[in-house]
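Trainee: Take a look at this one; I'll ask things after.
Protein chains in written order, with our numbering: chain G, 1 to 154; chain W, 1001 to 1154; chain S, 2001 to 2154; chain B, 3001 to 3154.
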């Protein structure tokens, strides 16, 4: 159990995204970052003759972990919500979970940790894709600044 | 639902810690990092006359988020497990969750997000404290290097 | 003095980017992440009546710090270099440094730390923009996988 | 060139540490985090028969990178400076740079990237050790809370 949903419900300003959808994405991202960090390390513990084949998977795990962690932090901040920035980071996370999910899927049959990690990446990628249409597209950024919470009523 | 416990169960080398205990700590840390990031941002959205009083809380939130994220990553790696390093980082996380939990608790009655964040910090601090006796103490580090998974059988 | 350039020169595989350009971007990103973290904290230390006006700046600082740190890590990995992933993360960092640079620039006259942070953001944004044309565009990804270092000769 | 020293000089509140010493530590930490990330990836690009021997080094690199990044962020925040928290995190970073420096030093003759990374770890460890006596020891924490910048004059 995480506090993500409850934290959203007690937020003192308006959030322009459905709470359920947003908390699902954040939880998927933090869980995926953990799975990727653990999968990279599990790969490093595989027998010596397996290691070279796993080098790319390890690297994709590390990129995905770093990007998911940063994206979860960005989505956990709602003040001054800037759709262009959020969208660009979400797009990077979609690419990272896709790349890592594909890498891990190649080793799913040999390594159970890769199968689980691929599953976590795919779920996260899907949750991110579901979020995109709800982020105000860059083009409509005209009205964005005025929606920024900390600028209201100051 | 996270993948932490399942990732531990599919780890290809031995882990010198009870899986349940370890996965509980990792999940508490990632959840606490998220709650702290969200709480810092919620504080920034409070009315102007509340902000100065919350400055310290925001700073403690940010420290706690960074430290919990790093600690979760360190605990998610088991290869070459080094008790001194793990213990030192766990001690830092105990201090960070204690400091932030105390800070947030001061504002629990005024701000529901601070109450929730304090609760997450306290739970995480407790989970970390429960882990410490199970980490081989620094003094016994003599036998540590030989337990390092990737060095065995290579 | 950082080790970035030297680390690039001792890399055991080929790197498809000019070393000078790449090390400049990485150094700009890590420096910008530090400046943003420090600027957020400096804003929190400003007099009470200044704080509300700085809330958005603080939030942009935090987003920019997280995104620059993740981007520096991704660019510091060259194994299995995936142009689409790298490009998406670089685009997110361009947006983050632009957003934060603009936010800080609004307070440059009142706060010297905002002026310095805006300068760091602008330099980093420029370094990132200079890198983009040298990242193989997504469309040309066909030949990408074969350039991935760990997949060669395996 | 980084902005660390300049950011310190424009900080709007008092900092209870010598600016030169502090900025040197922060710069060493961010540089070390980058070197460790790059060294882990360089290790992954070494020939297949070298990889198993480097697994532990890679893991130590990753731990050290995560811990140095978090420590640099904590030291870049001066508001509400809490000596116990700062000291605990600095101690963890001393252990991380020591462990990783030792690991990399074992491969210094074979791998130039390990030699450079070991050097960065050792410099950072030394800079951190030089800082410790200047952090008010935990025992003297009595007067700490009152030094916290955001609590003054509020």
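Beta carbons are placed, not taken as given, at the ideal position from N, Cα and C, and that holds for glycine.
Under the assumption that residue 2029 of chain S contacts residue 2057 of chain S (Cβ atoms under 8 Å), give the Cβ distance between them as a whole number of angstroms.
Mentor: Wrong, their Cβ atoms sit about 20 Å apart, outside the cutoff.
Trainee: If we call anything under 9 Å between Cβ atoms a contact, is residue 3120 of chain B one with residue 3032 of chain B?
Mentor: yes
Trainee: My guess is that residue 1039 of chain W and residue 1016 of chain W are in contact by the Cβ rule of under 8 Å, so how many angstroms apart are they, rounded?
Mentor: About 34 Å separates the two Cβ atoms, so there is no contact after all.
Trainee: Check whether the segment 2084-2092 of chain S and the segment 2035-2050 of chain S are in contact - that is, three or more C-beta pairs closer than 8 Å.
Mentor: no
Trainee: Along chain S, in chain order, which residues have C-beta atoms closer than 7 Å to that of residue 1052 of chain W?
Mentor: 2048, 2051
Trainee: Is the CB of residue 2140 of chain S under 9 Å away from at least one CB in chain G?
Mentor: With a pLDDT of 38 at residue 2140 of chain S, under the threshold of 50, the modelled position of this residue cannot be trusted; read the value that follows with caution. No, residue 2140 of chain S does not count as interfacial toward chain G.
Trainee: Quick one, which of G/21, G/25, G/1, G/35 has its alpha-carbon nearest residue 114 of chain G's?
Mentor: G/35
Trainee: Give me the chain W residues within the contact set of residue 64 of chain G, using Cβ-Cβ distance strictly less than 9 Å, ordered along the chain.
Mentor: Here the premise fails: no neighbours, minimum Cβ distance about 13 Å.
Trainee: Does residue 3016 of chain B come out as helix, strand or coil in the three-state DSSP assignment?
Mentor: coil
Trainee: Determine the closest residue to residue 23 of chain G out of G/83, G/133, G/127, G/132, with distance taken between C-alpha atoms.
Mentor: Residue G/127 is the option with its Cα nearest to residue 23 of chain G.
Trainee: Closer than 7 Å, Cβ to any Cβ of chain W: which residues of the segment 3081-3109 of chain B, in chain order?
Mentor: 3082, 3084, 3085, 3088, 3089, 3091, 3092, 3095, 3096, 3099
Trainee: Of all Cβ atoms in chain S, is any one closer than 9 Å to the Cβ of residue 1015 of chain W?
Mentor: At a cut-off of 9 Å, the C-beta of residue 1015 of chain W has no neighbouring C-beta in chain S.
Trainee: Buried or exposed for residue 14 of chain G, please, with buried defined as at least 16 other CB atoms from any protein chain shown within 10 angstroms of its CB.
Mentor: exposed
Trainee: Go ahead and pull the three-state DSSP assignment for residue 1119 of chain W.
Mentor: helix
Trainee: Just to check my reading of the structure: residue 2112 of chain S and residue 3010 of chain B have Cβ atoms closer than 8 Å, yes? What is that Cβ distance to the nearest angstrom?
Mentor: 4 Å
Trainee: Can you give me the C-alpha to C-alpha distance between residue 2043 of chain S and residue 3008 of chain B, rounded to a whole angstrom?
Mentor: For residue 2043 of chain S and residue 3008 of chain B, the distance between alpha carbons rounds to 13 Å.
Trainee: Of the residues that make up the segment 1026-1046 of chain W, which ones have a beta carbon closer than 7 Å to any beta carbon in chain S?
Mentor: Those would be 1041, 1044, in chain order.
Trainee: Could you tell me which chain S residues have their CB closer than 7 Å to the CB of residue 118 of chain G, listed as they occur along the chain?
Mentor: Residues of chain S passing the Cβ test: none, with the nearest at roughly 16 Å.
Trainee: Just the chain W side, please: which residues come within less than 7 Å of residue 18 of chain G by C-beta, in chain order?
Mentor: Those do not exist, as residue 18 of chain G stays about 16 Å from chain W at its closest Cβ, beyond 7 Å.
Trainee: So the candidates are B/3066, B/3012, B/3130; which of them puts its Cα closest to the Cα of residue 3078 of chain B?
Mentor: B/3012
Trainee: Where do the N-terminal and C-terminal ends of the alpha helix (DSSP H) with residue 53 of chain G fall, by residue?
Mentor: 51-75
Trainee: Find out if the Cβ-Cβ distance for the pair residue 2102 of chain S, residue 2092 of chain S is shorter than 9 Å.
Mentor: no
Trainee: Taking residue 106 of chain G as part of the alpha helix (DSSP H), name the residues at either end of that continuous run.
Mentor: Residue 106 of chain G -> no alpha helix (DSSP H), and no H or E assigned at all.
Trainee: Closer than 7 Å by beta-carbon distance: list the chain G residues that pair up with residue 1125 of chain W, in chain order.
Mentor: Under a criterion of Cβ atoms nearer than 7 Å, no residue of chain G is adjacent to residue 1125 of chain W; the nearest Cβ is some 15 Å distant.
Trainee: Determine the chain W residues that contact residue 2059 of chain S at a beta-carbon separation under 7 Å, and present them in chain order.
Mentor: 1041, 1044
Trainee: How is residue 3035 of chain B classed by DSSP in three states: helix, strand or coil?
Mentor: helix
Trainee: Suppose you measure from the CA of residue 3002 of chain B to the CA of residue 3072 of chain B; what does that come to, to the nearest Å?
Mentor: The straight-line gap from Cα to Cα measures roughly 13 Å.
Trainee: Is the Cβ-Cβ distance between residue 2059 of chain S and residue 2134 of chain S less than 9 Å?
Mentor: no
Trainee: For residue 2136 of chain S, which three-state DSSP category applies?
Mentor: coil
Trainee: Let me confirm a value: residue 3110 of chain B is counted as buried when at least 16 other C-beta atoms fall within 10 Å, else exposed. Which label applies?
Mentor: exposed
Trainee: Let me confirm a value: residue 2065 of chain S is counted as buried when at least 16 other C-beta atoms fall within 10 Å, else exposed. Which label applies?
Mentor: buried
Trainee: Need the endpoints of the alpha helix (DSSP H) that residue 2007 of chain S sits in, please.
Mentor: 2004-2009
Trainee: Any Cβ of chain W within less than 9 Å of the Cβ of residue 2073 of chain S?
Mentor: No, residue 2073 of chain S lies away from the interface with chain W (no Cβ there is under 9 Å from its Cβ).
Trainee: Which one of B/3018, B/3025, B/3006, B/3005 has the shortest CA to CA distance from residue 3097 of chain B?
Mentor: B/3025
Trainee: At 8 Å on the CB atoms, spell out the chain W contacts of residue 2055 of chain S, in chain order.
Mentor: 1044, 1045, 1051
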